[in-house]
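S.K.: Please see the structure below; I have some questions.
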Amino acid sequence: DGKAMCPGDTAGQARIVLERIMAALSELGAGAEHVVETIIYLVDMETWQEVGQVHGEYFSKARPANTIVQVGPLIVPGLLVEISVRAVLDA
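Each residue of the sequence shown is one higher than the one before, starting from 72 at the first, in this note's numbering.
Structure, rendered in structure tokens:
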């Protein structure tokens with residue numbers, strides 16, 4: 072419905088984002104092991120540890136390069152985290 076899920080819960084939002092990323096990777100025949108870089112955009116840098124813990128649940132073995140950046144408000148009101156990943160697949 073265009074509203075942020077898990078209002079006020081940065082870790083909950085991060086988990087939803089990462090679940091969707093993993094689903095998209097799976098559709099390509101890939102997984103966390105193919106991810107070489109993640110960039111996490113946070114509205115509040117004070118939440119980096121809880122988001123980092125969620126990130127670690129998905130990338131405990133893969134250990135991609137990771138950058139965390141604090142940003143201003145995101146496009147959807149209530150959205151607290153945005154995550155992008157770069158994955159490398161064999162041709």
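The beta-carbon is built from N, C-alpha and C at its ideal position, and this holds for glycine as well. Remember, it's a predicted structure, so these values are computed and weren't measured experimentally.
Using the C-alpha atoms, what's the distance from Gly127 back to Val114?
M.R.: One C-alpha to the other measures close to 20 Å.
S.K.: Short of 6 Å in beta carbon distance, which residues of its chain neighbour Ile139, apart from the five on each side in sequence? Order them along the chain.
M.R.: Hits under 6 Å: Ile111, Trp119.
S.K.: Apart from the five residues on each side of it in sequence, which residues of its chain come closer than 6 Å, Cβ to Cβ, to Met116?
M.R.: Gln141, listed in sequence order.
S.K.: Could you compute how far the alpha carbon of Ser131 sits from the alpha carbon of Asp72?
M.R.: Computed Cα separation, rounded: 32 Å.
S.K.: Rounded to the nearest angstrom, what separates Cys77 and Gln84 at their Cα positions?
M.R.: For Cys77 and Gln84, the distance between alpha carbons rounds to 6 Å.
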